[in-house]
Amino acid sequence: MGNNKSKFVVIVPFFNDFENFIKFNEIIDSVNTKDIKFLFLDNGSDDDEIKKYFSNKNYENRKLIISEKNLGYGGGIIYAQNFVESDFIAWMPGNLKINPIDSIPFFINAYSLLSKNTLIKAERINRQTLDFIKTTIFGFLSTLYFRANLNDAGGTPSIVHRSFFNNCDDYPTDFSFDVFVYYLFRKNRKKIIRPKIKYTKRFAGSSHWQKGIVSEIKLTLEIFSYKKNWNKIIKDK
């Protein structure tokens with residue numbers, strides 16, 4: 008990895024989550040992050056709050072890029088990876104269900120595990136009972152339907168080699184991006200490493216796609232509807 012090791016870049020997309028954005032920055036202000044850089048994406052927010060926050064600041068360990076329109080969660084990661092120069096692309100959600108303090112050792116410890124054909128994806132622990140049950144049910148149904156072990160396939164800190172984004176025009180740009188990445192590695196029998204990481208309540212705001220049990224069922228069915236298209240993409244990878 009050469010000199011890239013000392014400045015590992017983590018993409019964190021935000022859409023209208025200004026409170027979470029502020030808290031995220033306050034947390035990383037309080038710790039030593041010299042080995043980690045954060046690349047924040049303002050993913051088409053409806054106001055300029057995030058942009059204003061950065062306008063008079065000059066950080067060595069973080070940078071802001073802006074998309075004028077919302078690209079979707081997956082689309083934001085695909086867009087932001089173009090601004091990363093290192094050999095490996097890392098990302099995590101910005102909703103603070105995973106504390107940045109816990110993510111830093113996750114990314115640092117991943118250095119020795121990185122390889123071109125490996126996915127490093129955090130496995131969530133300490134989840135609330137209801138959340139654990141929902142994730143377990145989704146994992147079970149997804150595993151049966153997709154015929155691949157998709158337990159805890161949702162949004163967690165992840166790392167792939169940048170070649171993963173070659174010819175990525177057909178990758179999903181919505182909330183299903185993390186599930187797709189995990190599914191691709193499973194179906195192609197590539198190596199997956201799952202270090203554990205703590206999971207908590209969202210700090211502020213609400214999910215843009217998880218609005219209760221009915222919406223989550225609809226989203227699950229929507230993900231299932233992608234199977235045929237995903238399998239086409241995976242055959243070429």
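In this note's numbering, the protein residues as written are 8 to 244.
Note that the Cβ used here is the ideal one computed from N, Cα and C, for glycine as well.
#### Entry: Pairwise C-alpha distance: Leu148 and Glu223
Here the question's residue 223 lines up with position 216 in the sequence shown. Here the question's residue 148 lines up with position 141 in the sequence shown. Straight-line Cα distance between these residues: approximately 13 Å.
### Query
Can Phe25 be considered in contact with the ligand NAD, in the sense that its beta carbon sits closer than 8 Å to one or more heavy atoms?
Absent from the structure shown: the ligand NAD. Ligands present: none.
### Task
Could you pull out every residue in the same chain whose Cβ sits closer than 6 Å to the Cβ of Asp54, ignoring the five residues on either side in sequence?
For the purposes of this step, residue 54 is identified with residue 47 of the sequence shown, where counting begins at 1. Excluding positions up to five away in sequence, the list is empty.
### Helix, strand or coil at Arg69 [DSSP, three-state]
Start at 1 with the first residue of the sequence shown, and residue 69 comes out as number 62. Reduced to three states, the DSSP call for Arg69 is strand.
### Message
Rounded to whole angstroms, what is the Cα-Cα separation between Phe61 and Phe25?
### Response
As a working mapping, residue 61 is identified with position 54 in the sequence shown. As a working mapping, residue 25 is identified with position 18 in the sequence shown. Their backbone Cα atoms lie some 12 Å apart in a straight line.
### Query
Ser93 to Asn124, Cα distance in whole Å?
The count along the sequence shown starts at 1 and reaches residue 93 at position 86. The count along the sequence shown starts at 1 and reaches residue 124 at position 117. If I take the Cα positions, the gap works out to 16 Å.
### Message
Looking only at its chain, what residues have a beta carbon closer than 7 Å to the beta carbon of Ser37, apart from the 5 residues adjacent to it on each side?
### Response
Taking the first residue of the sequence shown as 1, we reach residue 37 at position 30. Hits under 7 Å: none found.
### Task
Just list the alpha helix (DSSP H) runs in the segment 172 to 199, keeping only unbroken ones of 4 residues or longer that don't cross its boundaries, in chain order.
Listed in chain order, the complete alpha helix (DSSP H) runs (minimum 4 residues) inside the segment 172 to 199 are 184 to 194.
### Query
The alpha helix (DSSP H) with Thr143 in it runs from where to where?
Position 136 of the sequence shown holds residue 143. Per DSSP, Thr143 belongs to the alpha helix (DSSP H) from Thr136 to Phe153.
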